[in-house]
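For the sequence shown, counting from 1, position 122 maps to 122 in UniProt numbering; every step adds exactly one.
Structure first, then comments.
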Amino acid sequence: MKKEQASSRREACRSQTRGGHGTWPFVAEVDPKDARIAELERQVEELTRLVQELREQLRRNSGNSNRPPSSDTPGQKAERRRPSGSGRKRGGQPGHEGLTRALVAEEKVSEFKHLFPAACENCWAPLSTEGGTRERHYQSVELPPLKAHVTQWVRHGVECPRCQHETWASTAPIPSTPFGPRLSAVVGLLTGVYHLSRRSAVRLLGDVLGIDMSLGAVSAVEARVSEAVKCAVDEAWERVLLAPVKHTDGTGWLEAGAARTLWTIATSVATVFKILTDGKSQTLAPLFGSKLGVLVSDRATALNFWAMEKRQVCWAHLLRKAVSFSERDGPAGTIGRELLDYIGILFDYWGRLRSGELQRDALRELMAPVRTQVEALLERAVAEGLPHVSGSCEDILAHRAALWTFVDRDDVEPTNNHAERELRAFVLWRKRSFGTQSSRGNLFAERVMTVAHTARKQEKNVLEFLTACGTAARTGAPPPSLFAAP
Numbered sequence: 001m002k003k004e005q006a007s008s009r010r011e012a013c014r015s016q017t018r019g020g021h022g023t024w025p026f027v028a029e030v031d032p033k034d035a036r037i038a039e040l041e042r043q044v045e046e047l048t049r050l051v052q053e054l055r056e057q058l059r060r061n062s063g064n065s066n067r068p069p070s071s072d073t074p075g076q077k078a079e080r081r082r083p084s085g086s087g088r089k090r091g092g093q094p095g096h097e098g099l100t101r102a103l104v105a106e107e108k109v110s111e112f113k114h115l116f117p118a119a120c121e122n123c124w125a126p127l128s129t130e131g132g133t134r135e136r137h138y139q140s141v142e143l144p145p146l147k148a149h150v151t152q153w154v155r156h157g158v159e160c161p162r163c164q165h166e167t168w169a170s171t172a173p174i175p176s177t178p179f180g181p182r183l184s185a186v187v188g189l190l191t192g193v194y195h196l197s198r199r200s201a202v203r204l205l206g207d208v209l210g211i212d213m214s215l216g217a218v219s220a221v222e223a224r225v226s227e228a229v230k231c232a233v234d235e236a237w238e239r240v241l242l243a244p245v246k247h248t249d250g251t252g253w254l255e256a257g258a259a260r261t262l263w264t265i266a267t268s269v270a271t272v273f274k275i276l277t278d279g280k281s282q283t284l285a286p287l288f289g290s291k292l293g294v295l296v297s298d299r300a301t302a303l304n305f306w307a308m309e310k311r312q313v314c315w316a317h318l319l320r321k322a323v324s325f326s327e328r329d330g331p332a333g334t335i336g337r338e339l340l341d342y343i344g345i346l347f348d349y350w351g352r353l354r355s356g357e358l359q360r361d362a363l364r365e366l367m368a369p370v371r372t373q374v375e376a377l378l379e380r381a382v383a384e385g386l387p388h389v390s391g392s393c394e395d396i397l398a399h400r401a402a403l404w405t406f407v408d409r410d411d412v413e414p415t416n417n418h419a420e421r422e423l424r425a426f427v428l429w430r431k432r433s434f435g436t437q438s439s440r441g442n443l444f445a446e447r448v449m450t451v452a453h454t455a456r457k458q459e460k461n462v463l464e465f466l467t468a469c470g471t472a473a474r475t476g477a478p479p480p481s482l483f484a485a486p
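This is the structure in structure tokens:
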């Protein structure tokens with residue numbers, strides 16, 4: 001009876017565990033030690049990955065990421081500045097041709113002083129200044145005592161002898177502001193171009209020119225300068241948007257402590273700046289108008305509104321990305337080092353083209369195998385599924401049409417260094433001043449820097465141009481053009 005009951009129980013268990021398949025499931029007995037080992041191995045793998053990521057973060061610097069040079073540690077800066085080992089000392093080398101200061105043109109000389117020898121240095125015979133002489137020229141430069149020109153306007157009231165009514169002279173000739181166009185231009189130059197703080201500008205005006213000006217007066221002058229250069233800024237924007245090739249880049253900015261973005265669009269003839277509320281594509285796109293020409297930039301997703309075949313991605317950014325790959329272990333490091341080799345070849349060919357050693361057709365022929373190998377390496381990295389590498393390579397391949405525009409276009413460069421150089425002054429300004437405090441301050445900053453950078457490209461004196469703008473605004477005359485012949 002007991003055997004029959006046991007048999008029926010076994011049969012019931014079989015029917016419950018078969019699951020309708022007629023086979024017994026495999027039940028493995030796991031040793032607790034094996035489970036513990038597996039768990040520890042998983043933890044070691046996770047910690048190893050974490051340590052690798054932290055090491056990569058420590059290795060990041062301006063040479064292998066998008067970090068600015070100012071973020072480098074003292075050790076990284078020392079590594080970057082390490083001499084190449086040529087053995088030469090700093091400065092001029094023995095036997096090199098010396099350089100002397102060029103003489104100022106004679107029409108710019110304020111005073112001439114002629115020196116003649118009184119007697120022959122050989123026999124002491126008296127010498128005459130008559131007749132032909134040889135000349136050697138030297139120049140010294142000095143500033144005369146600087147003093148502000150102060151005009152005092154005195155209105156007179158005259159009593160009429162007929163009706164005894166007192167009539168006062170009109171105020172029309174008296175300027176609406178106590179600070180003239182040139183002084184206003186100097187203030188705009190000090191705070192908006194050379195980025196002195198307002199307090200430092202006030203001190204400089206007092207120390208150098210003997211002019212007393214309050215901080216509030218400096219702010220008011222900045223507003224007038226901003227309004228005076230508006231037409232010139234509009235002119236620069238028009239030139240930039242119509243240019244066949246333009247470079248663009250962005251950086252962070254602060255307005256009263258709130259995050260903003262600062263963008264530049266730079267060409268060979270003009271540079272413009274704009275401070276925006278954010279760096280989103282829908283905010284940035286209207287800045288570029290009808291989107292004419294080729295755009296040179298980095299791979300910022302905010303710029304994806306521009307047709308990829310009309311773009312050039314910055315190879316300096318890709319070089320830094322390849323450096324970061326090369327510093328990894330395993331397949332990622334191998335791919336990174338191979339990419340570095342080909343990017344080095346790319347820049348070598350580009351340098352030879354710029355020096356005249358290569359012609360455009362030769363560059364196209366030489367770059368064809370480089371292009372093939374670079375794209376093959378990127379595709380290999382994507383296929384291997386490498387952490388933090390495959391995703392970047394996939395994004396680079398998404399910009400495939402924008403990688404090689406410089407090969408075929410004479411007016412396109414492979415890097416975005418132009419825009420980055422234009423932004424550099426603004427970045428340093430932000431670090432010293434913590435940005436602006438109002439939308440009016442934003443307008444002044446972007447306008448005066450637009451005028452300064454464009455005027456220099458047009459070989460114009462920035463102070464003289466700002467003065468001319470201020471004079472035109474006060475007299476109602478047509479504003480000067482940034483692009484008129486010097």
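The beta carbon of each residue, even a glycine, is placed where N, CA and C say it ideally should be.
Using the C-alpha atoms, what's the distance from residue j back to residue i?
i	j	result
Thr277	Pro286	13 Å
Gln93	Arg101	18 Å
Met449	Asn304	27 Å
Val412	Arg198	40 Å
Val233	Leu50	50 Å
Ala12	Asp34	Because the pLDDT of Ala12 is 49, which lies under 50, any placement of that residue in the model is unreliable, and the number read from its coordinates should be weighed accordingly. Straight-line Cα distance between these residues: approximately 33 Å.
Cys231	Glu53	51 Å
Lys147	Glu121	45 Å
Gln359	Val221	52 Å
His137	Leu115	10 Å
Leu127	Thr133	11 Å
Lys460	Thr191	19 Å
Asn416	Thr475	42 Å
residue 488	Ser214	Nothing about residue 488 can be read from this structure; the chain reaches only from 1 to 486.
Arg354	Ala402	21 Å
Ser290	Trp306	10 Å
Val382	Ile335	11 Å
residue 490	His388	Nothing in the structure corresponds to residue 490, since the chain is present only between 1 and 486.
Leu183	Ser481	21 Å
Residues in its own chain within less than 8 Å of residue i by CB, not counting five upstream and five downstream?
i	result
His195	Ala425, Leu428, Trp429, Arg432, Ser433
Val269	Arg239, Ala243, Thr454, Lys457, Gln458, Phe483
Gln437	Glu255, Ala256
His399	Arg299, Met308, Arg311, Val313
Ser219	Arg198
Between which two residues does the beta strand (DSSP E) carrying residue i extend?
i	result
Trp237	Unbroken run through Trp237 is the alpha helix (DSSP H), 230 to 242; no beta strand (DSSP E).
Trp153	Neither: Trp153 is in no beta strand (DSSP E) and is coded neither H nor E.
Around the C-beta of residue i, are 16 or more other C-beta atoms found within 10 angstroms, so that it is buried, or is it exposed?
i	result
Gly19	In this prediction, Gly19 has a pLDDT of 47, which is less than 50 and means its spatial position is unreliable; what the coordinates show is noted afterwards. Exposed, because fewer than 16 other Cβ atoms sit within 10 Å of the Cβ of Gly19.
Trp153	exposed
Gln312	buried
Gly391	exposed
Ile396	buried
Leu241	buried
Gly435	buried
Leu292	exposed
Leu386	buried
Asp410	exposed
Pro369	exposed
Arg328	buried
Val407	buried
Residue i lies in the alpha helix (DSSP H); which residues open and close that run?
i	result
Val208	Per DSSP, Val208 belongs to no alpha helix (DSSP H) and is neither H nor E.
Lys246	From DSSP, Lys246 is part of no alpha helix (DSSP H) but of the beta strand (DSSP E) over 245 to 255.
Gln57	32 to 59
Phe112	Neither: Phe112 is in no alpha helix (DSSP H) and is coded neither H nor E.
Ala468	462 to 475
Output needed for residue i: all residues of its chain with C-beta closer than 6 Å, excluding positions within five of it in sequence on either side, in chain order.
i	result
Ala472	Pro479
Ala266	His247, His418, Ala419, Glu422
Ile275	Trp253, Arg260, Leu262, Asn442, Glu446
His317	Asp298
Val229	Arg447, Val451, Cys469
Ser226	Leu443, Phe444, Arg447
Leu466	Ala185, Gly188
Gln373	Tyr342
Thr283	Leu276
Ala258	none
Could you pull out every residue in the same chain whose Cβ sits closer than 7 Å to the Cβ of residue i, ignoring the five residues on either side in sequence?
i	result
Trp350	Pro414
Val208	Leu146
Gln139	Leu103, Val104
Leu366	Tyr349
Pro144	none
query = Which full runs of the beta strand (DSSP E) of 3+ residues lie inside the stretch 263 to 330, going along the chain?
reply = Counting only runs of 3 or more, we get 271 to 276, 294 to 297, 311 to 313.
request  = Would you list, in sequence order, the uninterrupted alpha helix (DSSP H) runs of no fewer than 4 residues that lie entirely inside the stretch 116 to 197?
outcome  = Whole alpha helix (DSSP H) segments, 4+ residues: 181 to 188.
query = Can you list the alpha helix (DSSP H) stretches of 4 or more residues lying completely in the stretch 377 to 454, in chain order?
reply = Secondary structure within the stretch 377 to 454: the alpha helix (DSSP H) runs of 4 or more consecutive residues, fully enclosed, are 390 to 398, 405 to 408, 417 to 433 (chain order).
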